[in-house]
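J.:
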Amino acid sequence: MKFPSLLTLSSILFLLGGIPTTPALAQREICRDNDWVAPSSTLRTIELPQFGIDMDIPANYRAIAVSYGSVDIYDPGTYEIVACLNRGGEASVPRSLELFSIRRVSNPRNLTLPALIQQEEGAFQPKYRYNLAGTTVFVMQPLGFGVTAWFTPRGARDAIVMYDTCDCDPRDSDLFNRLNHTRFR
């Protein structure tokens with residue numbers, strides 16, 4: 028099959044009403060809400076050597092390395108909305124979004140963990156202490172919608188912070204469940 032030349036296509040467009048002289052406006056993507064997806068009962072291990080840990084997460088969850096060094100973990104429904112928003116899309120109906128994030132906090136002055144937490148959060152008021160394979164984890168509830176767990180892996184200087192948040196009421200039990208599925212490398 029022979030395709031018409033550009034000149035012929037231009038002529039056809041002109042005869043059908045002319046060639047549009049204004050550029051088409053890009054349509055924003057509307058982010059479809061797949062709703063929150065429950066965690067599968069099957070777990071998979073993600074290796075996080077940059078944090079000195081391995082962690083079991085639900086097999087259907089997504090772990091995404093973020094440009095500023097953290098790793099964010101989402102349920103599939105939330106992941107789809109976040110990915111769409113990152114592409115420039117718009118969420119049509121707001122809903123609760125849950126985020127679990129792991130990041131490293133630099134400790135160049137080699138502060139104690141309580142002193143580092145106070146420096147970073149303005150206060151050191153642990154809600155709980157948790158034992159992760161002989162390492163003390165301080166569980167904090169800073170202002171806002173979240174719960175954090177701070178610890179320093181053996182032989183490391185920098186601290187690791189696990190942050191569990193949503194625009195709902197985060198449950199401490201969710202964070203403890205994540206800590207129960209975390210192992211040092």
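In this text, residue positions in the sequence shown follow my numbering: the first is 28, and each later residue adds one. No residue lacks a Cβ here, since even glycine has one placed at the ideal position from N, Cα and C.
So what does DSSP say about V109, is it helix, strand or coil?
T.: helix
J.: Are the CB atoms of S128 and S97 nearer to each other than 9 angstroms?
T.: A distance below 9 angstroms separates the beta carbons of S128 and S97.
J.: Any idea what DSSP makes of P66, helix, strand or coil?
T.: coil
J.: What I want to know is whether the C-beta of R55 ends up closer than 8 angstroms to one or more non-hydrogen atoms of the ligand ZN.
T.: The ligand content of the structure shown is nil, which means the ligand ZN is not present either.
J.: Tell me which residues share the same chain as R184 and place their Cβ nearer than 7 angstroms to its Cβ, disregarding the 5 neighbours each side in the sequence.
T.: N134 and N137
J.: Output the distance between the C-alpha atoms of Q77 and T179, rounded to the nearest integer angstrom.
T.: 13 angstroms
J.: Give me the Cα-Cα distance between C58 and A86, rounded to the nearest whole angstrom.
T.: 24 angstroms
J.: Looking at V166 and F211, is the spacing between their C-beta atoms short of 9 angstroms?
T.: No, the pair does not count as a contact, with Cβ atoms beyond the cut-off.
J.: What is the residue span of the alpha helix (DSSP H) that N204 lies within?
T.: D199 to N207
J.: Nearest to A110 by CA position, among E56, Y157 and A186, is which residue?
T.: E56
J.: Quick check on the burial criterion: 16 or more other C-beta atoms within 10 angstroms. Buried or exposed for E117?
T.: It is exposed - the Cβ of E117 has fewer than 16 other Cβ atoms within 10 Å.
J.: Rounded to whole angstroms, what's the CA-CA distance from S200 to Y155? Just pull it up for me.
T.: 12 angstroms
J.: I need the straight-line Cα distance from L112 to Y101, nearest angstrom please.
T.: 14 angstroms
J.: Can you have a look at R71 and say buried or exposed, based on whether 16 or more other CB atoms are within 10 angstroms of its CB?
T.: exposed
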